[in-house]
Amino acid sequence: MSEKYHYPAFIDEIVTYGNFNGNGIVFDLYGGDGTYGEVLLEKFPQLEYFHFDIDQKAIDTASKRLERFGKRVHIKKQSCMHLDKRILDEGLSEIGCAIYDPGLRLEYVTNPERGFSVKLTGPLDGRFDQTQAQTIGQVVNNAPVEELIAILKIIEVPFPKRIAIRIAEVRKENEISTTGELASIVSKAVPFKAKRKRVPPEILVMLALRIHVNDELNTLRVAVEKGFEALKKSGRLLTISYHSGEARIYKRFARLIDERYADDENKRLKVITRKALKPTDEAIRMNPLIRSAQFRVYEKLF
Ligand SMILES: C[S@@+](CC[C@H](N)C(=O)[O-])C[C@H]1O[C@@H](n2cnc3c(N)ncnc32)[C@H](O)[C@@H]1O
């Protein structure tokens, strides 16, 4: 039976907007199962592809899947926030495109053991890198109430104080150990009207905790800055966001470059997609996880 890979949001758009001209180097900074890599390597026989991930399972899947492309593939088990000099020195002055697809691979929500899913209860884990010490369970069971409130406010979870206090009450009695237990605590902590929102509060709580445990926003911020530095002239940032916290990072970065080089009109970052693109109905049918995805493209003009 063939393996079921993650189906990412913008396959055609990555091909169209990558500006590849048939050759060059692509950095896939949240490489996952390597789907973008497979499509690009097949379509552009001169292209070299660098895949980054911190999840061993994603590294193994992508390595196997892309093996047939031989030396054109470089798989790095390393966080995209550490695009260090060593990597950039591997003959990489010509990076034409950096892809950012943060967030969840299909496996995280279909395998309860990974501790991301609210629907399928599992241990409170939620780490991309399973060698990392801190899990969602450790935060939920140990963080002071004020810290829990601050974490829930990262993405404006409704009633953060009520939820944090309820968590602290419950954990005094017993350790909170599964995603299902946490969901039920959240559901009991918030008033009825909060439960009728499009995204239920227990999903938002898991999202906030996951962002915190994996330091996701800070990582993305640094990775965008480093990826941009590494791009050649006319290179492109192909960015995907799944929530407003991620979208804000890309938009702010574009403004930051304008401000940083305000005195030099040659140093510009061109916004290619005036309006963010949304996934097609067909892509959403293939993977409902990508429903909220947005695609933005920026070009480095210097
Ligand atoms: C939405 S998935 C990418 C899916 C990919 N586009 C595909 O088609 O398979 C996001 C991936 O980013 C990885 N990731 C999370 N934090 C990372 C980091 N700091 N550096 C590199 N990869 C990271 C996750 O482990 C996950 O595999």
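Everything in the sequence shown is counted per this note's numbering, starting at 965 for the first residue and increasing by one. Even for Gly, the Cβ is constructed at its ideal location relative to N, Cα and C.
Looking at the strands, I want to know which residues DSSP matches up with Pro1087. Along the sequence shown, read from residue 1 onward, the residue named residue 1087 stands at position 123. Beta-bridge pairing links Pro1087 to Thr1142.
If contact is defined by three or more beta carbon pairs under 8 angstroms, each pair taking one atom from either stretch, is the region 992-1002 in contact with the region 1062-1081? yes
If you drop the 5 nearest sequence neighbours on each side, which residues of the same chain put their C-beta closer than 6 angstroms to that of Thr1025? If you number the sequence shown from 1, residue 1025 lands on position 61. If we look at Thr1025 and ignore the five residues flanking it on each side, its Cβ neighbours are Asp997.
What three-state label does DSSP hand Ser1256 in the structure shown? For the purposes of this step, residue 1256 is identified with residue 292 of the sequence shown, where counting begins at 1. Coil.
Rounded distance between the beta-carbons of Ile1100 and Ala1194, thought under 8 angstroms: Along the sequence shown, one-based indexing puts residue 1194 at 230. Along the sequence shown, one-based indexing puts residue 1100 at 136. At roughly 32 angstroms, the Cβ-Cβ gap does not stay under 8 angstroms, so Ala1194 and Ile1100 are not in contact.
Pro972 to Phe1123, Cα distance in whole Å? Here residue 972 corresponds to residue number 8 of the sequence shown, with the count starting at 1. Here residue 1123 corresponds to residue number 159 of the sequence shown, with the count starting at 1. Rounded to whole angstroms, Pro972 to Phe1123 spans 32 angstroms at the Cα level.
Val1163 versus Asp1228 - alpha carbon distance: If you number the sequence shown from 1, residue 1163 lands on position 199. If you number the sequence shown from 1, residue 1228 lands on position 264. Near 44 angstroms, if we compare the C-alpha coordinates of Asp1228 and Val1163.
Examine ligand 1 and report whether any of its heavy atoms sits within less than 8 angstroms of the Cβ of Asp1065. Mapped onto the sequence shown, residue 1065 falls at position 101. Yes; taking the cut-off as 8 angstroms, the Cβ of Asp1065 has a heavy atom of ligand 1 nearer than that.
Through-space distance from Ala1211 to Ile1254, alpha-carbon basis: Sequence index remark: in the sequence shown, residue 1254 carries index 290 (1-based). Sequence index remark: in the sequence shown, residue 1211 carries index 247 (1-based). Those two C-alpha atoms are separated by around 14 angstroms.
Quick check on this structure: which residue in Gln1098, Glu1071 and Asp976 has the alpha carbon closest to the alpha carbon of Leu1173? Locating residue 1173 in the sequence shown gives position 209, where the first residue counts as 1. Nearest option by C-alpha distance: Gln1098.
Just to confirm, does Leu1273 get its C-beta within under 8 angstroms of one of the non-hydrogen atoms of ligand 1? With the chain covering only 965 through 1266, there is no way to say anything about residue 1273.
Taking the alpha carbon of Glu952 as the reference point, which residue from Leu1116, Ala1153, Ile1118 and Val1121 has its own alpha carbon closest? Because the chain in this structure spans residues 965 to 1266, residue 952 falls outside the shown range and cannot be described.
In chain order, what residues of the same chain have a beta carbon less than 6 angstroms from the beta carbon of Phe1014, not counting five sequence neighbours either side? On the sequence shown, position 50 is the one that residue 1014 refers to. Excluding positions up to five away in sequence, the list reads Phe991 and His1038.
Give a yes or no on contact between the region 1105-1120 and the region 1172-1191, applying the rule of three or more CB pairs nearer than 8 angstroms. yes
Given 8 angstroms as the limit, is there contact between the region 1135-1153 and the region 1102-1113, that is, 3 or more CB pairs closer than that? yes
What residues are listed by DSSP as bridge partners for Leu1011? Taking the first residue of the sequence shown as position 1, residue 1011 is located at position 47. Note: Leu1011 sits in a beta bridge opposite Gly988.
Is the region 976-984 in contact with the region 1200-1210, if contact means three or more CB pairs nearer than 8 angstroms? yes
Close beta carbons around Gly1144, own chain, < 6 angstroms, minus the five adjacent residues each side: As a position in the sequence shown, residue 1144 is number 180, starting the count at 1. For Gly1144, where only same-chain residues beyond five positions count, the Cβ hits under 6 angstroms are Thr1085.
Helix, strand or coil: which one does DSSP assign to Ala1194? As a working note, residue 1194 is residue 230 in the sequence shown. In the structure shown, Ala1194 sits in a helix (DSSP, three-state: H, G or I).
By how many angstroms is the C-alpha of Glu1002 removed from the C-alpha of Arg1260? As a first step, residue 1260 must be located in the sequence shown, where it is residue number 296. As a first step, residue 1002 must be located in the sequence shown, where it is residue number 38. The alpha-carbon atoms of Arg1260 and Glu1002 are separated by roughly 21 angstroms.
Tell me the residue span of the beta strand (DSSP E) that contains Val1037. Walking along the sequence shown from the start, residue 1037 turns up at place 73. Segment Val1037 to Lys1041, the beta strand (DSSP E) holding Val1037.
Hey, Leu1005 and Val979: beta-carbon distance below 9 angstroms or not? Position 41 of the sequence shown holds residue 1005. Position 15 of the sequence shown holds residue 979. Not closer than 9 angstroms, so no.
Pair within 9 angstroms by beta-carbon distance, Ile1204 and Gln1258: Along the sequence shown, read from residue 1 onward, the residue named residue 1204 stands at position 240. Along the sequence shown, read from residue 1 onward, the residue named residue 1258 stands at position 294. Against a cut-off of 9 angstroms, the Cβ pair of Gln1258 and Ile1204 comes out as a contact.
According to DSSP, what are the bridge partners of Ser1205? Walking along the sequence shown from the start, residue 1205 turns up at place 241. Per DSSP, Gln1258.
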